[in-house]
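Read the structure below first, then the notes.
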Amino acid sequence: MGLSKRLGLVGGVLSALALGSVAGVNALRTATRPGREIYGDEDFTLMSRDRRSVVVTEDGVALAVREVGPEDAPVTAVFVHGYCLDMTSWHFQRRQLAERWGDDVRMVFYDQRGHGDSGVPSTASCTIAQLGADLATVIEAKAPTGPVVLVGHSMGGMTVLAFAGQRPELVASRVVGVGLVATAAAGLSETGLTRNLQNPVIDGFRMAVRTSPELVQHARGAARVLITPILRAASYGTDVSPRLHKFSDSMLDRTSVVTIVNFLRTLELHDESASLEAIERTPSVVVCGDSDMIIPFGSSRKLAADLPESELVRVRGAGHLVQLEFPSVVSDAVDRVLHRGLATYESREQSDVG
1 MGLSKRLGLV
11 GGVLSALALG
21 SVAGVNALRT
31 ATRPGREIYG
41 DEDFTLMSRD
51 RRSVVVTEDG
61 VALAVREVGP
71 EDAPVTAVFV
81 HGYCLDMTSW
91 HFQRRQLAER
101 WGDDVRMVFY
111 DQRGHGDSGV
121 PSTASCTIAQ
131 LGADLATVIE
141 AKAPTGPVVL
151 VGHSMGGMTV
161 LAFAGQRPEL
171 VASRVVGVGL
181 VATAAAGLSE
191 TGLTRNLQNP
201 VIDGFRMAVR
211 TSPELVQHAR
221 GAARVLITPI
231 LRAASYGTDV
241 SPRLHKFSDS
251 MLDRTSVVTI
261 VNFLRTLELH
271 DESASLEAIE
281 RTPSVVVCGD
291 SDMIIPFGSS
301 RKLAADLPES
311 ELVRVRGAGH
321 LVQLEFPSVV
331 SDAVDRVLHR
341 GLATYESREQ
351 SDVG
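Here the UniProt record's numbering is used: the first residue of the sequence shown is 1, the next is one more, and so on.
Put into structure tokens, the structure is as follows:
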């Protein structure tokens, strides 16, 4: 049998397995339907007009960055998006907090490696540890001095925790607040997304990416058929605007299936429990929807319990994309932690001067 026929047969088998697995996805689906259109006039392209730049990581991956607010603002807030999303998943926070903070805060958003407009990474570099190092690079390039607030959603929250464990001295001296949205320090192999994606199709595709790149093109359709319905089903817990559904679906559709699969292993193994010590004295807020099927609310509750200076915000009925589904709740939480953090930071500065 020729190589092309053999590859086609493998792809067909994987596709059949994936289609057979979709029946299991139905058990994960929420009861959401397109809701009332409340965002008919919303400009979801807002961030495309923000100040743009590129930060290059230590291994040469170009990260797309957007900023709003003056470069000499007294504090910088860095927002880190989640798995299979991009920086525009913070659309509402960018709009609402810019209106609230004005020139007092500079906001920095960026696309994680392999996501959005950022560069394609090597398979081996698709790890939470590397994402933490990328965040350090962004901070060093875009906020080298002054107080910083870090806000991460889902895998972005894990990125913040990884960074804290890698750079505790920087956290102690400059990070004044932390927002952890729909995320967990550990335990994803037992609950949520990675448990739902423990499947021979995904395992086969992941092996192909690492050992037989020629198989990837034939199997990518099968992997996407299995993965994307699960991610879409878990996005929201309530009936949301059709335009909002389309907006979030477009981020998922733009994410390469290779990126999707490459990060699954690090999500399964993710354990940043040891990093919590670095932020236990930092004002923080933990936000999660109680209908989140990717990061169950219990994981966020445990995370908050392990952080003595944290506030836990339970968002009734919200799914995984809580910052899009209930944007004002998340924006308010980020605003509170920023002001709590700045008050603590200024008090400490005054004590040092005294």
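Glycine residues also receive a C-beta, built at the ideal position from the N, C-alpha and C atoms.
* **For His270, the three-state DSSP class (helix, strand or coil)** => Position 270 of the sequence shown, counting from 1, holds the residue named residue 270. Reduced to three states, the DSSP call for His270 is coil.
* Asked: What residue does the beta strand (DSSP E) around Leu307 start on, and which one ends it?
  -> Position 307 of the sequence shown, counted from the start, is the residue given in the question as residue 307. Taken as a continuous stretch (DSSP letters only), Leu307 belongs to no beta strand (DSSP E), as it is neither H nor E.
* Beta-carbon proximity of Gly289 to Glu325, cut-off 9 Å -> Taking the first residue of the sequence shown as 1, we reach residue 289 at position 289. Taking the first residue of the sequence shown as 1, we reach residue 325 at position 325. Taking 9 Å as the Cβ cut-off, Gly289 and Glu325 qualify as a contacting pair.
* Asked: To which residues does DSSP link Cys126 through a beta bridge?
  -> Within the sequence shown, numbered from 1, the residue matching residue 126 stands at position 126. Paired residues: none, contrary to the question.
* Examine the Cβ distances between the region 268 to 277 and the region 51 to 66 and report whether three or more of them are shorter than 8 Å. => no
* To do: Please name the residue or residues paired with His153 in a DSSP beta bridge.
  => Mapped onto the sequence shown, residue 153 falls at position 153. Val181, per the DSSP bridge assignment.
* **Closer than 9 Å to chain C by CB, Leu312** => Absent from the structure: chain C. Only one protein chain is present.
* Test item: CB-CB of Val148 and Ala234 under 9 Å -> The sequence position of residue 148 within the sequence shown is 148, counting from 1. The sequence position of residue 234 within the sequence shown is 234, counting from 1. For Val148 and Ala234, no; Cβs fall outside 9 Å.
* Is the region 83 to 102 in contact with the region 324 to 342, if contact means three or more CB pairs nearer than 8 Å? -> yes
* To do: Out of Gly60, Gly40 and Leu85, point me to the one whose CA is closest to Phe263's CA.
  => Your numbering for residue 263 matches position 263 in the sequence shown. Ranking Gly60, Gly40 and Leu85 by Cα distance to Phe263 puts Leu85 first.
* Just to confirm, are Glu268 and Val286 a CB contact at a threshold of 9 Å? -> Taking the first residue of the sequence shown as 1, we reach residue 268 at position 268. Taking the first residue of the sequence shown as 1, we reach residue 286 at position 286. It is not a contact, given that the beta carbons lie outside the stated cut-off.
* Asked: Okay, do the region 106 to 126 and the region 164 to 174 touch, 3+ Cβ pairs below 8 Å being the bar?
  -> These segments do not touch.
* Can you tell which of Asp43, Val160 and Gly102 has its C-alpha closest to the C-alpha of Gly82? -> In the sequence shown, counting from the first residue as 1, residue 82 sits at position 82. For Gly82, the nearest C-alpha among the options comes from Val160.
* Status (buried if at least 16 other CB within 10 Å, exposed otherwise) for Leu3 -> Taking the sequence shown and counting its residues from 1, one reaches residue 3 at position 3. Low per-residue confidence applies at Leu3: pLDDT is 41, beneath 50, and the placement is therefore not dependable, though the value from the model is reported in the following sentence. Classification of Leu3: exposed, given that the 10 Å Cβ count is below 16.
* **Thr255 burial status per 10 Å Cβ neighbour count (16 or more: buried)** => Your numbering for residue 255 matches position 255 in the sequence shown. Classification for Thr255: buried.
* Are there 16 or more other CB atoms within 10 angstroms of the CB of Asp104, so buried, or fewer, so exposed? -> In the sequence shown, the residue the question calls residue 104 occupies position 104. So Asp104 ends up on the exposed side.
* **Among Gly60, Asp249, Arg49 and Thr123, the one whose alpha carbon lies nearest that of Phe109** => Here residue 109 corresponds to residue number 109 of the sequence shown, with the count starting at 1. Checking every option, the nearest Cα to that of Phe109 belongs to Arg49.
* To do: Would you check if the distance between the CB atom of Val80 and the CB atom of Leu135 is smaller than 9 Å?
  => Sequence index remark: in the sequence shown, residue 80 carries index 80 (1-based). Sequence index remark: in the sequence shown, residue 135 carries index 135 (1-based). Going by beta carbons, Val80 and Leu135 fall inside the 9 Å limit.
* To do: Mind checking which residues open and close the alpha helix (DSSP H) that includes Phe92?
  => Counted from its first residue, the sequence shown places residue 92 at position 92. His91 to Trp101 is the span of the alpha helix (DSSP H), which, as asked, contains Phe92.
* To do: Would you kindly check if the distance between the Cβ of Thr127 and the Cβ of Thr282 is under 9 Å?
  => Locating residue 282 in the sequence shown gives position 282, counting from the first residue. Locating residue 127 in the sequence shown gives position 127, counting from the first residue. In this structure, Thr127 does not lie closer than 9 Å to Thr282 by Cβ.
* List the residues that DSSP assigns as beta-bridge partners of Gly289. => For the purposes of this step, residue 289 is identified with residue 289 of the sequence shown, where counting begins at 1. Per DSSP, Val315.
* **Simplified DSSP state of Thr76, which is helix, strand or coil** => In the sequence shown, counting from the first residue as 1, residue 76 sits at position 76. The answer is strand: DSSP assigns Thr76 an E or B state.
* For Ile279, which of Asp72, Gly40, Phe44 and Gln166 has the nearest alpha-carbon? -> Taking the sequence shown and counting its residues from 1, the one referred to as residue 279 is at position 279. Among Asp72, Gly40, Phe44 and Gln166, the Cα nearest to that of Ile279 is on Gln166.
* To do: Could you say which of Ile260, Pro296, Thr137 and Asp72 lies nearest to Val55 if we only look at CA atoms?
  => Residue 55 sits at position 55 when you count from the first residue of the sequence shown. It is Thr137 whose Cα lies nearest to the Cα of Val55.
* Rounded Cβ spacing between Ile294 and His320 (contact assumed at less than 8 Å) -> Your numbering for residue 294 matches position 294 in the sequence shown. Your numbering for residue 320 matches position 320 in the sequence shown. That pair is a contact at about 4 Å.
* Excluding five sequence neighbours on each side, which residues of the same chain lie with their C-beta closer than 6 Å to the C-beta of Tyr345? -> Locating residue 345 in the sequence shown gives position 345, where the first residue counts as 1. Excluding positions up to five away in sequence, the list reads Pro147 and Val176.
* CA-CA distance, Val120 and Val61? -> Working through the sequence shown from its first residue, we reach residue 120 at position 120. Working through the sequence shown from its first residue, we reach residue 61 at position 61. Approximately 7 Å between the Cα atoms of the pair.
* Asked: Does the separation of the CB atoms of Gly35 and Pro242 fall below 9 Å?
  -> One-based indexing of the sequence shown puts residue 35 at position 35. One-based indexing of the sequence shown puts residue 242 at position 242. One thing to note: Gly35 has its Cβ within 9 Å of the Cβ of Pro242.
* Using three-state DSSP, classify Phe247 as helix, strand or coil. => In the sequence shown, counting from the first residue as 1, residue 247 sits at position 247. Here Phe247 sits in helix by DSSP.
* Asked: Does DSSP classify Tyr110 as helix, strand or coil?
  -> Along the sequence shown, one-based indexing puts residue 110 at 110. In this structure, Tyr110 counts as strand in the three-state DSSP scheme.
* With 16 other CB atoms within 10 Å as the buried threshold, where does Asp43 fall? -> Numbered from its first residue, the sequence shown carries residue 43 at position 43. Exposed, by the Cβ-count rule.
* Ordered along the chain, which non-local residues of its own chain (more than five positions away) have a Cβ less than 6 Å from that of Val22? -> To locate residue 22, count along the sequence shown from 1; it is residue 22. A caution first: Val22 carries a pLDDT of 42, below 50, which makes its placement in the model too unreliable to give a value.
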